[in-house]
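Colleague: Okay, here's the structure, questions in a sec.
There are 2 protein chains.
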Amino acid sequence: MEKVFASIITIGDELLIGQVIDTNSAWIAQELNKAGVTIKNRVAVGDVWEDIWAALDAESKKASIVLLTGGLGPTSDDITKPLLCEYFGGKMVLDAATLAHVTDIFERILKRPMIERNAKQAEVPDCCTVLLNERGTAPGMLFEKDGVLFISMPGVPHEMKWIMEHHVIPMIPKRFKTGIIKHKTLLTAGIGESFLAEMIKENEAALPSHIKLAYLPNYGMVRLRLTISGEPQNEAVLDKELDTHFNNLAAAVKDYLVVKEDIPMAEVVGQLLLNQHKTLSTAESCTGGYIAHLLTAKAGASAYFKGSVVSYANEIKGDLLDVSKETMETVGVVSEECVRKMAISARKLLKTDYSVAVSGIMGPGGETPEKPVGMVWMAVASENEVRAQVFHFRFDRKRNIELTANSALNMLRLLIVDNS
Amino acid sequence: MEKVFASIITIGDELLIGQVIDTNSAWIAQELNKAGVTIKNRVAVGDVWEDIWAALDAESKKASIVLLTGGLGPTSDDITKPLLCEYFGGKMVLDAATLAHVTDIFERILKRPMIERNAKQAEVPDCCTVLLNERGTAPGMLFEKDGVLFISMPGVPHEMKWIMEHHVIPMIPKRFKTGIIKHKTLLTAGIGESFLAEMIKENEAALPSHIKLAYLPNYGMVRLRLTISGEPQNEAVLDKELDTHFNNLAAAVKDYLVVKEDIPMAEVVGQLLLNQHKTLSTAESCTGGYIAHLLTAKAGASAYFKGSVVSYANEIKGDLLDVSKETMETVGVVSEECVRKMAISARKLLKTDYSVAVSGIMGPGGETPEKPVGMVWMAVASENEVRAQVFHFRFDRKRNIELTANSALNMLRLLIVDNS
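Residue numbers (numbering that gives the first Met the number 0), protein chains in the order written: chain D, 0 to 419; chain C, 0 to 419.
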């Protein structure tokens, strides 16, 4: 077994001025990990010749696979291709297969005339192996130098993913004898990182050196991840060992355990509903449809999610969800009375087994002396029961919306579990 | 003027196995840019002693400000603090002010007993200046070595942001004579990057060397960004120069220009509605509330956004949005007839001036021979007019949902513009 290291270099000024969030690196890291490759570094550099050059030098000393994304577009701010040509000592040539592919994309799919700029994308350094990019016009390129593989890919996520899946990942077992790296993750809710750490300190002390524990706090939840590494021929033993420690960990946190998988809260709720052949609706004020969006982010949600009334304006709460004028005028729309009514009405109107309703103040602004920013009332309803609870979050709008959605889904999860 | 460079080091295995997407770096980069600091590199390293050490060595050679985030939590997978202590040659001491702050958080806000692990967060290397973190228990720390500033912050975004805003950004003009860096960005929709490049090639050729142009394609839209840099005393001249080139650029792309700002499409629509005192509702099937979520992501949306019917199940389309059984059985729910009815009904039911409706197949799965994955019908309605259009997207579920939302909002934008 060799320990195989990779480094990821992302190229583009937009990464350094913060205009774009890099999601490519996380995806690449996940996929390489599954293939037994450890990521050593992730580096972002601007569209600057010397900086890209220096990153190639530095990362190829640390890793045997260097992946580059970005800087391959048809516009003149992209300097990566000429740089790679010079770095690996080649000259630019027209690649016939890529030209045919680019021409085909324009003729058959885009149905637009091709311009010279597009044809230029078929020019590649003669010292590279072209990795055909079925999803776009910029090809991937493979270079080799002193035993290190360099792979350059476009920055557009679905193009990069296609090249990774069809060229890079299949190449790894042919080139390297990788070890095994496996992760198991569980999700907890309603408890802070430090209290969790106290609760599992004996489990942590019992871990052998080839199993690592990590805490991943996020929006009112904490994920615990165990990572094991070892020789491929020991896979069965390693699996068993990982399972044992993982199950012990799950038992230690059982009061706060949501699920023994690395899936979002919305998916946990979806699975519960699916297993029980039950349906769900939402009535959302302050989250503005975000809970419904989370529930429908996964294909197949139509089996349990029927729909939602986003009642952002008070009159919609009255007209569609039957919240009385009196409630609105006396206790207001951020109140137990209001969310109970919203949940009950949504269940009835959308004819579902369960419903969830939220109403609160996400900020900035909108608070009153009694109702500060971050105050949210939530209710969940089933045929037999309505539960309501108030929460106080203390963050920015985006984070308050995330926390509200996850907390409401967790309330719903507990109701479904108790009702089954 | 000095050209001041900064590097960002993010610490945590979760970044290298792809479990977490790094949003901190983009935010930090934006803020430093505004303060006249250029980001040289962004590096992510794991919770590995030698790798963090090597990154400190390497980045401090390239930059005069090195920012670190992550690795400061109360759990034992965090090694950053002891490492910094050794790197800068100090010893750990208890910081009284931080201890008082941590104690206060537990007593007053969390209302939970503090455990030893929490108190330990008040221990810092004696060679650092503590940067109080009002938002959490892990303090920021400032170190100086050979003229380079090193600032270590927690990885939790709202804690990091607080420390940046209250300590780091105010420190920069006191320590450095930074130059000016300014950006102006415009948003286009409905045209590809290479065609845009053809359209503006003369503008591009006319740019002086201290103004850079960048193309930022994203979900059916392309942003064009001009960046100018220069001496602070020339600010007025630079501003004028940037404005001239920016306005010329906007004129060259006028047929595809959405807005001369760097704001999301939903915000452009929101501003139009706000200016015209008009209201909006959505009727969403395949986007599952995502358009409503985008519209309500910004505070103040209640001035123009009233609500939404998320009709994920067909019976909701019938019951609430009056789509006839006949429509569903003959042309189906992914049809012009269906979305026209959805838009008209939403406008009526939610009593708004405008409405937008979408129905399509986001995949994976769910397609029929006539209706492939990625096919979406959209309609927008005003008092006088209903427009419908079909789109074909060819990507994954997440991207299809994004593209659908942005395309629908763009259709709506054009309707509002034409109606005013």
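A virtual CB, placed ideally from N, CA and C, is assigned to each residue, including glycine.
So with Cβ pairs under 9 Å, would you call D/Lys-2 a contact of chain C?
Modeller: Numbered from its first residue, the first sequence carries residue 2 of chain D at position 3. No, no contact with chain C.
Colleague: Please state the DSSP three-state secondary structure of C/Pro-153.
Modeller: Residue numbering aside, residue 153 of chain C sits at position 154 when the second sequence is read from its first letter. Correct three-state label for C/Pro-153: coil.
Colleague: Which of the residues in the region 240 to 254 of chain D, read from start to end, lie with their CB under 9 Å from any CB of chain C?
Modeller: If the cut-off is 9 Å between Cβ atoms, the region 240 to 254 of chain D has nothing near chain C.
Colleague: Between C/Gly-288 and chain D, is any beta-carbon pair separated by less than 9 Å?
Modeller: Locating residue 288 of chain C in the second sequence gives position 289, where the first residue counts as 1. Judged by the 9 Å Cβ criterion, C/Gly-288 is in contact with chain D.
Colleague: Would you mind telling me which residues of chain D sit closer than 8 Å to C/Trp-26, beta carbon to beta carbon, in chain order?
Modeller: Sequence index remark: in the second sequence, residue 26 of chain C carries index 27 (1-based). Gly-17, listed in chain order.
Colleague: Quickly, what does DSSP pair C/Ala-282 with across the bridge? List them, please.
Modeller: Locating residue 282 of chain C in the second sequence gives position 283, where the first residue counts as 1. Bridge partners of C/Ala-282: C/Val-308 and C/Ala-356.
Colleague: Contact check, D/Phe-304 vs D/Leu-294 under 8 Å by CB: the rounded distance?
Modeller: Taking the first residue of the first sequence as 1, we reach residue 304 of chain D at position 305. Taking the first residue of the first sequence as 1, we reach residue 294 of chain D at position 295. 5 Å between Cβ atoms; contact.
Colleague: Helix or strand or just coil, what does DSSP make of C/Met-326?
Modeller: Here the question's residue 326 of chain C lines up with position 327 in the second sequence. Sequence inspection shows Thr at residue 326 of chain C; the Met mentioned does not correspond to that position. Reduced to three states, the DSSP call for C/Thr-326 is helix.
Colleague: Do C/Gly-219 and C/Asn-409 come within 9 Å of each other at the CB atom, strictly closer than that value?
Modeller: By 1-based counting over the second sequence, the position of residue 409 of chain C is 410. By 1-based counting over the second sequence, the position of residue 219 of chain C is 220. Yes. Within cutoff.
Colleague: Taking contact to mean 3 or more Cβ pairs, one atom from each stretch, closer than 8 Å, check whether the region 150 to 158 of chain D and the region 199 to 209 of chain D are in contact.
Modeller: Touching, no.
Colleague: Less than 9 Å between the C-beta atoms of C/Arg-386 and C/Val-375, yes or no?
Modeller: Along the second sequence, one-based indexing puts residue 386 of chain C at 387. Along the second sequence, one-based indexing puts residue 375 of chain C at 376. Taking 9 Å as the Cβ cut-off, C/Arg-386 and C/Val-375 do not qualify as a contacting pair.
Colleague: Please list, in chain order, the chain C residues whose beta carbon lies closer than 9 Å to that of D/Pro-363.
Modeller: Counting from 1 along the first sequence, the entry for residue 363 of chain D is found at position 364. Those are Ala-298, listed as they occur along chain C.
Colleague: In chain order, what residues of the region 80 to 108 of chain D put their CB closer than 9 Å to some CB of chain C?
Modeller: So the close ones are Ile-108.
Colleague: I want to see whether chain C comes within less than 9 Å of D/Glu-314, judged by CB atoms only; does it?
Modeller: For the purposes of this step, residue 314 of chain D is taken as the residue at position 315 of the first sequence. True, the Cβ-Cβ gap to chain C drops below 9 Å.
Colleague: May I have the straight-line CA-CA distance separating C/Val-333 from C/Gly-365, to the nearest angstrom?
Modeller: Here the question's residue 333 of chain C lines up with position 334 in the second sequence. Here the question's residue 365 of chain C lines up with position 366 in the second sequence. Each residue's Cα considered, the two are about 11 Å apart.
Colleague: Please report the residue range of the alpha helix (DSSP H) in which D/Thr-226 lies.
Modeller: Position 227 of the first sequence holds residue 226 of chain D. Where D/Thr-226 is concerned, there is no enclosing alpha helix (DSSP H), although the beta strand (DSSP E) it sits in stretches over 220 to 229.
Colleague: Please classify C/Thr-37: does DSSP put it in a helix, a strand, or coil?
Modeller: Along the second sequence, read from residue 1 onward, the residue named residue 37 of chain C stands at position 38. Reduced to three states, the DSSP call for C/Thr-37 is strand.
Colleague: So D/Pro-124 is in the beta strand (DSSP E); what residue range does that whole segment cover?
Modeller: Here residue 124 of chain D refers to the residue found at position 125 when the first sequence is read from its first residue. It spans 122 to 124 - the beta strand (DSSP E) in which D/Pro-124 sits, taken as one unbroken run.
Colleague: Comparing the C-beta of C/Arg-224 with each C-beta of chain D, is any distance below 9 Å?
Modeller: The residue labelled residue 224 of chain C in the question sits at position 225 within the second sequence. Chain D, which has a Cβ nearer than 9 Å to the Cβ of C/Arg-224, makes this yes.
Colleague: Determine the extent of the alpha helix (DSSP H) in which D/Glu-401 is found, giving its start and end residues.
Modeller: Taking the first residue of the first sequence as 1, we reach residue 401 of chain D at position 402. It spans 396 to 417 - the alpha helix (DSSP H) in which D/Glu-401 sits, taken as one unbroken run.
Colleague: For D/His-391, count the other beta carbons within 10 Å of its own beta carbon; 16 or more makes it buried, fewer makes it exposed. Which is it?
Modeller: As a working note, residue 391 of chain D is residue 392 in the first sequence. Classification for D/His-391: exposed.
Colleague: Assign C/Asp-417 to one of two classes, buried (16 or more other C-beta atoms within 10 Å of its C-beta) or exposed (fewer than that).
Modeller: The residue labelled residue 417 of chain C in the question sits at position 418 within the second sequence. That one is exposed.
Colleague: Strictly below 8 Å CB to CB, what residues from chain C border D/His-209?
Modeller: Counted from its first residue, the first sequence places residue 209 of chain D at position 210. Per Cβ cutoff of 8 Å: no residues; D/His-209 is ~14 Å from chain C at best.
Colleague: If you draw a straight line from the alpha carbon of D/Arg-222 to that of D/Thr-184, how long is it in whole angstroms?
Modeller: If you number the first sequence from 1, residue 222 of chain D lands on position 223. If you number the first sequence from 1, residue 184 of chain D lands on position 185. Those two C-alpha atoms are separated by around 7 Å.
Colleague: Comparing the C-beta of D/His-292 with each C-beta of chain C, is any distance below 9 Å?
Modeller: The count along the first sequence starts at 1 and reaches residue 292 of chain D at position 293. Yes - at least one Cβ of chain C is within 9 Å of the one on D/His-292.
Colleague: So, is the C-beta of D/Ile-114 closer than 9 Å to a C-beta in chain C?
Modeller: To locate residue 114 of chain D, count along the first sequence from 1; it is residue 115. Yes, D/Ile-114 counts as interfacial toward chain C.
Colleague: Among all the DSSP beta bridges, which residues are the ones paired with D/Glu-1?
Modeller: Walking along the first sequence from the start, residue 1 of chain D turns up at place 2. For D/Glu-1, which the question treats as bridged, DSSP gives the partners D/Thr-177.
Colleague: Work out the CA separation of D/Gly-287 and D/Ala-342 for me, nearest whole Å.
Modeller: As a first step, residue 342 of chain D is located in the first sequence; it is residue number 343 there, counting from the start. As a first step, residue 287 of chain D is located in the first sequence; it is residue number 288 there, counting from the start. If you take the alpha carbons of D/Ala-342 and D/Gly-287, they lie about 15 Å apart.
Colleague: Can you give me the Cβ contacts of D/Gln-275 inside the same chain, cut-off strictly under 8 Å, excluding the 5 residues immediately before and after it?
Modeller: Translated into the one-based positions of the first sequence, residue 275 of chain D becomes position 276. Only Ile-415 and Ser-419 meet the Cβ criterion.
Colleague: DSSP on D/Ser-334, reduced to helix/strand/coil?
Modeller: As a first step, residue 334 of chain D is located in the first sequence; it is residue number 335 there, counting from the start. Coil, per DSSP.
Colleague: Report the residues of the region 384 to 403 of chain C with a CB closer than 9 Å to any CB of chain D, ordered along the chain.
Modeller: The residues in question are Arg-393, Phe-394, Asp-395, Arg-396, Lys-397, Arg-398 and Ile-400.
Colleague: In the DSSP assignment, what residue or residues form a beta bridge with D/Lys-139?
Modeller: As a position in the first sequence, residue 139 of chain D is number 140, starting the count at 1. Checking the sequence, you will find Gly at residue 139 of chain D rather than Lys. For D/Gly-139, which the question treats as bridged, DSSP gives the partners D/Leu-130.
Colleague: Below 8 Å on the Cβ atoms is my guess for D/Ile-10 versus D/Ile-51; work out the distance and round it to an integer in Å.
Modeller: Along the first sequence, one-based indexing puts residue 10 of chain D at 11. Along the first sequence, one-based indexing puts residue 51 of chain D at 52. Confirmed, about 6 Å.
Colleague: On the three-state DSSP scale, how would you describe D/Val-19?
Modeller: In the first sequence, the residue the question calls residue 19 of chain D occupies position 20. Three-state DSSP puts D/Val-19 in coil, outside helix and strand.
Colleague: Quick check: is the beta carbon of D/Ile-415 nearer than 9 Å to any beta carbon in chain C?
Modeller: Along the first sequence, read from residue 1 onward, the residue named residue 415 of chain D stands at position 416. By this cut-off, D/Ile-415 is not an interface position.
Colleague: May I ask you to report which of helix, strand or coil DSSP gives D/Leu-14?
Modeller: For this step, residue 14 of chain D is matched to residue 15 along the first sequence. Reduced to three states, the DSSP call for D/Leu-14 is helix.
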